[in-house]
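Beneath this line is the structure, given in structure tokens, with notes to follow.
In my numbering, the protein residues as written are 1 to 176.
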């Protein structure tokens, strides 16, 4: 893969790059890796991404990493949720690497921010940092005060002439 990258005179198409990244797996079954092998594959993947970026800009993705190691994205997610703490930690490091490069690239304007946000939510389960703020408006009306105000208006008094006194609870009521 590295040889092909170094000896190609022009930039490679996305299709060619994905073909280089993708592991050729004819059996159709995900390979069984131990934690050390996953960590080594991650290092190789980072080196490969670095080599690509010496020639042309290329942002790593979860799908590309999965293709590189010959697993499905479902297997990737399962490993991220593994009971094995070491495996979970390795997968989180891989996820952090991919997400951070994507977010930084979006911040720098290398890739579209909206696409990055979408991929972060769909592929990596990212959510907004803060839940929406809900403001509840509660009003308390004293029905007796309202009745007195209506009676005063019915007697021809203006609401401006009806004296209301602030009560200890913060509400207003007629002076009696």
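Where a beta carbon is used, it is the ideal one built from N, C-alpha and C, also for glycine.
Cβ neighbour criterion (16 or more within 10 Å) applied to residue i
i           : result
residue 99  : buried
residue 102 : buried
residue 93  : exposed
residue 147 : exposed
residue 157 : exposed
residue 57  : exposed
residue 95  : buried
residue 64  : buried
residue 31  : exposed
Limits of the unbroken alpha helix (DSSP H) element including residue i
i           : result
residue 98  : 85-107
residue 149 : 143-154
residue 53  : 35-55
residue 76  : 73-80
residue 64  : 62-69
Distance, residue j Cα to residue i Cα
i           : j           : result
residue 142 : residue 167 : 12 Å
residue 77  : residue 109 : 28 Å
residue 151 : residue 169 : 24 Å
residue 153 : residue 145 : 12 Å
residue 49  : residue 75  : 22 Å
residue 60  : residue 107 : 16 Å
residue 36  : residue 45  : 14 Å
residue 22  : residue 87  : 22 Å
residue 90  : residue 33  : 12 Å
residue 26  : residue 53  : Note that residue 26 scores a pLDDT of 49, beneath 50, so its modelled location is shaky; the value from the coordinates is reported in the next line. Those two C-alpha atoms are separated by around 29 Å.
residue 82  : residue 97  : 19 Å
residue 85  : residue 51  : 31 Å
residue 104 : residue 55  : 19 Å
residue 149 : residue 134 : 33 Å
Cβ-Cβ separation, residue j to residue i (assumed contact under 8 Å), whole Å
i          : j          : result
residue 80 : residue 73 : Between residue 73 and residue 80 the Cβ distance is about 10 Å, and since that is not below 8 Å, they are no contact.
Exercise for the section: Please confirm if the region 36-49 is in contact with the region 68-84, defined as three or more CB-CB distances below 8 Å between the two stretches. Expected result: yes
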